[in-house]
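Reviewing the structure listed below.
2 protein chains.
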Amino acid sequence: MTAEKFSVADATVGGTVEFGPECGGVVAPRGFRASGITAGIKASGKPDMALVVNDGPKKTAAAVFTRNRVVAAPVTVTRDHIEDGSITAVLLNSGNANACNGRPGVEDALRSCESLSDELGVPVTDIAVCSTGLIGDRLPMDTILGGIEPLVGGLSGDNVAGRAAATAIMTTDLVDKQAVRRADGFTVGAMGKGVGMISPSMATMLGVLTTDADITPEMAHAALAAASEKTFNRLDIDGSTSTNDTVLLLASGASGYVPTQEELDAAVLAVCDSIAAQMQGDAEGVTKRVAITVTGTGGEDDALVAARIIGRDNLFKCAMFGSDPNWGRVLAAVGVAPVAMDPEHITVSFNGHVVCRDTGGTPDARDVDLSGSDIHVEVDLGTGDGGSATVRTTDLSHDYVHINSAYST
Amino acid sequence: MTAEKFSVADATVGGTVEFGPECGGVVAPRGFRASGITAGIKASGKPDMALVVNDGPKKTAAAVFTRNRVVAAPVTVTRDHIEDGSITAVLLNSGNANACNGRPGVEDALRSCESLSDELGVPVTDIAVCSTGLIGDRLPMDTILGGIEPLVGGLSGDNVAGRAAATAIMTTDLVDKQAVRRADGFTVGAMGKGVGMISPSMATMLGVLTTDADITPEMAHAALAAASEKTFNRLDIDGSTSTNDTVLLLASGASGYVPTQEELDAAVLAVCDSIAAQMQGDAEGVTKRVAITVTGTGGEDDALVAARIIGRDNLFKCAMFGSDPNWGRVLAAVGVAPVAMDPEHITVSFNGHVVCRDTGGTPDARDVDLSGSDIHVEVDLGTGDGGSATVRTTDLSHDYVHINSAYST
Chain A
1 MTAEKFSVAD ATVGGTVEFG PECGGVVAPR GFRASGITAG IKASGKPDMA
51 LVVNDGPKKT AAAVFTRNRV VAAPVTVTRD HIEDGSITAV LLNSGNANAC
101 NGRPGVEDAL RSCESLSDEL GVPVTDIAVC STGLIGDRLP MDTILGGIEP
151 LVGGLSGDNV AGRAAATAIM TTDLVDKQAV RRADGFTVGA MGKGVGMISP
201 SMATMLGVLT TDADITPEMA HAALAAASEK TFNRLDIDGS TSTNDTVLLL
251 ASGASGYVPT QEELDAAVLA VCDSIAAQMQ GDAEGVTKRV AITVTGTGGE
301 DDALVAARII GRDNLFKCAM FGSDPNWGRV LAAVGVAPVA MDPEHITVSF
351 NGHVVCRDTG GTPDARDVDL SGSDIHVEVD LGTGDGGSAT VRTTDLSHDY
401 VHINSAYST
Chain B
1 MTAEKFSVAD ATVGGTVEFG PECGGVVAPR GFRASGITAG IKASGKPDMA
51 LVVNDGPKKT AAAVFTRNRV VAAPVTVTRD HIEDGSITAV LLNSGNANAC
101 NGRPGVEDAL RSCESLSDEL GVPVTDIAVC STGLIGDRLP MDTILGGIEP
151 LVGGLSGDNV AGRAAATAIM TTDLVDKQAV RRADGFTVGA MGKGVGMISP
201 SMATMLGVLT TDADITPEMA HAALAAASEK TFNRLDIDGS TSTNDTVLLL
251 ASGASGYVPT QEELDAAVLA VCDSIAAQMQ GDAEGVTKRV AITVTGTGGE
301 DDALVAARII GRDNLFKCAM FGSDPNWGRV LAAVGVAPVA MDPEHITVSF
351 NGHVVCRDTG GTPDARDVDL SGSDIHVEVD LGTGDGGSAT VRTTDLSHDY
401 VHINSAYST
């Protein structure tokens, strides 16, 4: 069985979001240009360098990074450069993660920033850098430095340029991932990549959001952190946390519109949710999009822990691949979750069909048809308490094993 | 690629252990008889009921159980019956886990005990019961009760009977698993099953140890708990914890020998280690036996947490399947472990060959040959502190996905 990729992903929160190759992505908001080229980092000859530039008037920026304690050089550099809340340009490459290269890796990342700084005429500390690809190989610096001039030369505000940037950050992604939310008075655009959220050897999830709203770094950070928590941090393809994960939000202020925090939060959440859904639909080896909602435990945090434990259970994920309504695996997985539950009164449903009530199977439990592409698993842990959380995951398929058993060699 | 099973597993601690189909297993110590039959629980017609009886003079017993909060009916019943430190007979079945069947499941387990109690003429509270197989289906009670008389009639102290019992508890196991340690003055025997340690829908790991040593329940429990912690609890095939896991130790005192706690501990550890190694070698879809040793963190407990996190990482496990020395995945996995580490000074070796030093690759890291069946991964987290722990796992193969995507349907 081969993995069928999902070509369309819908945003599930926050109203209408435009997506797809023609939507513009990071260049949809006023004040942004982008470009993407084939510099030659990848042996495949596919595009591998991208650039996003904020033409202002404001250069506000915020970021969220991987929680992994082993972090890649570009994360170290970008963390440092974004500390003052201002970034003018983001330089991205795929094909090499520049992770686990020690001090020389940091120096390579800084040299890339310096070269772009010279070319754009902006301070080096206003450059962010992101890398994605194999861990442990030094960046091919001649290739990277040779790519700077054509990248800057190719900068454009056309939708084609947005797509070129989104395409150049792909690794094992099969489709580019973009989203645009047009709110009253301002726009938020985004591009992202990542198909093993978060698959470490891929050094995997990168995202760049842009907006023409006039906001402070504090507003940007609050919106991005809240949205990431609800979207990217609840997408769990394989339980593995990358060394390189970075999501940036750049704000140009070019709309002149000053949104409330609530307006900004809603728009940022909407595009993050769309990008997360697109990542789920393009996940490594995916044949099923699985959403797991947990209720009836000690509040939202407990529900999230329990949903994540189910979503990471290989036996559950294999059952989803087999369209197998094996609710026993849901119970066995959630039974080890360190959260409040009534072990005698757990309810499980697949796509709205109750398959387990009071921790026992319903008579027709094994007749549920899970042959479709989307499976919603709902688990009520029976304590009667409120709060719920949903985690998105995928099945565990032959293609996932195939893709990940032959990556570096 | 099909999974090659490992036909021979060596004990790695505690001196010489006999194993293999002819070793006697649970009937090797004096005072024990066993039997195994095909009752008809499994559609395949394979053996599915087993019995182990302690003929004394002592009927000492101890047990360790699953930590899952969703526990199967036989666990509930056996926990109750073993509370006084005495068990005469263990009734086991494969093909049905009797898990998640609520109160009726407990009543089914009790009826099985009562039937055996009548047949053997011993109190019902001296009977332990273990089930393994699919979760959520009621036991076929006519078949179970019909199996009691032939099981009792077939009881024997011959090695053939030990093997018959070990065979009748298999599910997706391909080989029976037995071990015997002949210590000075006493003997410890064992049988076990489990190939997705701990794969919940299989309701998976069962073990019965027997000894002719003259020991107290407290000695038995101390030895079993310590040995389980070092062996079964450090075997982690897929991170999933069964609802049925049970390991029992029965002591007949028939040797008349009273060992010290240390002598008992060593012998029990040796057979548990052998059974654990046999389970690893027969794990679902296994093509590689992988041992992960972590040092240089905050002591043994931290080392165990870190080793387990690496051993559960699907990307790492896929790399092992591909014989891929992708040390970046080891670093990315261990980087999220909540333990002491120096992120700039991590060392990784595969089969004694250093592939990563100071969190960076060595020049010949990608040339290491991992095509053999056994891979030892050593990770030094760089804090300079003592303590180490080793976890056994396997690779993640196509066969694992295949076996587990079509189990209940």
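Heads up: the sequence lines are chains A and B, in that order.
Heads up: the first sequence begins at 1 in UniProt numbering, then just goes up one per residue.
Heads up: the second sequence begins at 1 in UniProt numbering, then just goes up one per residue.
Cβ coordinates follow ideal geometry from the N, Cα and C atoms, glycine included.
Residue-chain proximity (PHE6 (chain B), chain A), Cβ-Cβ < 7 Å: Bear in mind that the predicted position of PHE6 (chain B) carries a pLDDT of just 42, short of 50, making it unreliable; the figure below should be weighed with that in mind. Cβ-Cβ to chain A under 7 Å: no for PHE6 (chain B).
Taking the C-alpha atoms as reference points, what is the distance between GLY311 (chain A) and ASN351 (chain A)? 16 Å
Tell me whether VAL379 (chain B) sits in a helix, a strand or coil according to DSSP, three-state version. strand
Of all the CB atoms in chain A, is at least one closer than 7 Å to the CB of ILE135 (chain B)? yes
Could you check the C-alpha separation between PHE19 (chain B) and ILE127 (chain B) for me, to the nearest Å? If you draw a straight line from the Cα of PHE19 (chain B) to the Cα of ILE127 (chain B), it comes to about 27 Å.
Under three-state DSSP, which class holds ALA179 (chain A)? strand
Inter-residue CB distance, LEU396 (chain A) and THR359 (chain A) (contact presumed, cutoff 8 Å): Contact flag wrong, Cβ pair sits at about 25 Å.
Quick one: what's got a C-beta closer than 6 Å to ALA34 (chain B)'s C-beta in the same chain, skipping five residues either side? VAL26, VAL27, VAL52, ALA161, GLY162, ALA165
If you scan the stretch 243-282 of chain B from start to end, which runs of the beta strand (DSSP E) of 3 or more residues do you find wholly inside it? Here the runs fully enclosed are 246-251.
Chain B within 7 Å of ALA303 (chain A), Cβ atoms only: no
Does DSSP classify SER44 (chain A) as helix, strand or coil? If DSSP states are grouped into helix, strand and coil, SER44 (chain A) belongs with coil.
In chain A, which residues lie with their C-beta within 8 Å of the C-beta of ARG69 (chain B)? GLY335, VAL336, MET341, PRO343
Measure the C-alpha to C-alpha separation of THR216 (chain B) and ALA306 (chain B) and round it to an integer number of angstroms. 36 Å
Hey, would you say THR293 (chain B) sits closer than 7 Å to GLU378 (chain B), going by beta carbons? yes
Proximity winner among A:ASN159, A:ASP265, A:ALA266, A:SER323, relative to LYS288 (chain A) (alpha-carbon distances): That would be A:SER323, whose Cα lies nearest to the Cα of LYS288 (chain A).
Is the stretch 60-80 of chain A touching the stretch 102-114 of chain A in the sense that three or more CB pairs, one from each, lie closer than 8 Å? In this structure the stretch 102-114 of chain A lies against the stretch 60-80 of chain A, because at least three pairs of beta carbons, one per stretch, are closer than 8 Å.
Length of the line joining the Cα atoms of SER199 (chain B) and GLU263 (chain B): No answer about SER199 (chain B) holds up, because its pLDDT of 37 lies below 50 and its placement is not dependable.
Going by beta-carbon coordinates alone, are ALA213 (chain A) and PHE186 (chain A) separated by less than 7 Å? Contact: yes.
For the 8 Å Cβ check, are there 3 or more pairs between the stretch 337-349 of chain B and the stretch 332-349 of chain A? no
So ALA168 (chain A) and ILE135 (chain A) are supposed to be a Cβ contact under 8 Å. How far apart are they, rounded? The C-beta separation of ALA168 (chain A) from ILE135 (chain A) comes to about 20 Å, leaving the pair out of contact by the 8 Å criterion.
Based on Cα-Cα distance, which residue from B:GLU218, B:MET191, B:THR211 lies nearest to MET205 (chain B)? B:MET191
Below 7 Å between beta carbons: does that hold for VAL188 (chain A) and ALA63 (chain A)? Cβ distance not < 7 Å, so VAL188 (chain A) and ALA63 (chain A) don't count as in contact.
Hey, quick one: how far does the alpha helix (DSSP H) through ARG329 (chain B) stretch, first residue to last? 327-334
Within a Cβ cutoff of 7 Å, which residues of the same chain sit near VAL77 (chain B), ignoring the five residues on either side of it in sequence? Same-chain partners within the cutoff: VAL106, ALA109, LEU110, CYS113, VAL129.
What's the call for GLY147 (chain B), buried or exposed, on a 16-neighbour Cβ count within 10 Å? buried
Which residues in the same chain have their Cβ closer than 7 Å to the Cβ of ILE403 (chain A), if we skip the five residues on either side of it in sequence? THR172, GLU284, GLY285
CB-CB length for ASN159 (chain A) against GLY133 (chain A), believed under 8 Å: That belief does not hold up - the Cβ atoms of ASN159 (chain A) and GLY133 (chain A) are roughly 26 Å apart, past 8 Å.
Any beta carbon of chain A sitting closer than 7 Å to that of PHE321 (chain B)? Interface residue, yes.
I'd like to confirm the pairing. Which residues does DSSP put opposite SER112 (chain B) in its beta bridges? For SER112 (chain B), which the question treats as bridged, DSSP gives no partner whatsoever.
Taking the C-alpha atoms as reference points, what is the distance between residue 463 (chain B) and TRP327 (chain B)? Past the boundaries of the shown model lies residue 463 (chain B); chain B is included only from 1 to 409, so the question cannot be answered.
For THR390 (chain B), does the three-state DSSP call read helix, strand or coil? THR390 (chain B) falls in the strand class under three-state DSSP.
Less than 7 Å between CB atoms is the rule here; does CYS272 (chain B) satisfy it with respect to chain A? no
Is the shortest distance between the beta-carbon of CYS100 (chain B) and the beta-carbons of chain A less than 7 Å? yes
Measure the alpha-carbon distance for LEU209 (chain A) versus GLN261 (chain A) and round it to whole angstroms. 16 Å
Please decide whether VAL401 (chain B) counts as near chain A, where near means a Cβ-Cβ distance under 7 Å. yes
Determine the closest residue to ALA220 (chain A) out of A:ASP184, A:ASP265, A:LEU304, with distance taken between C-alpha atoms. A:ASP265
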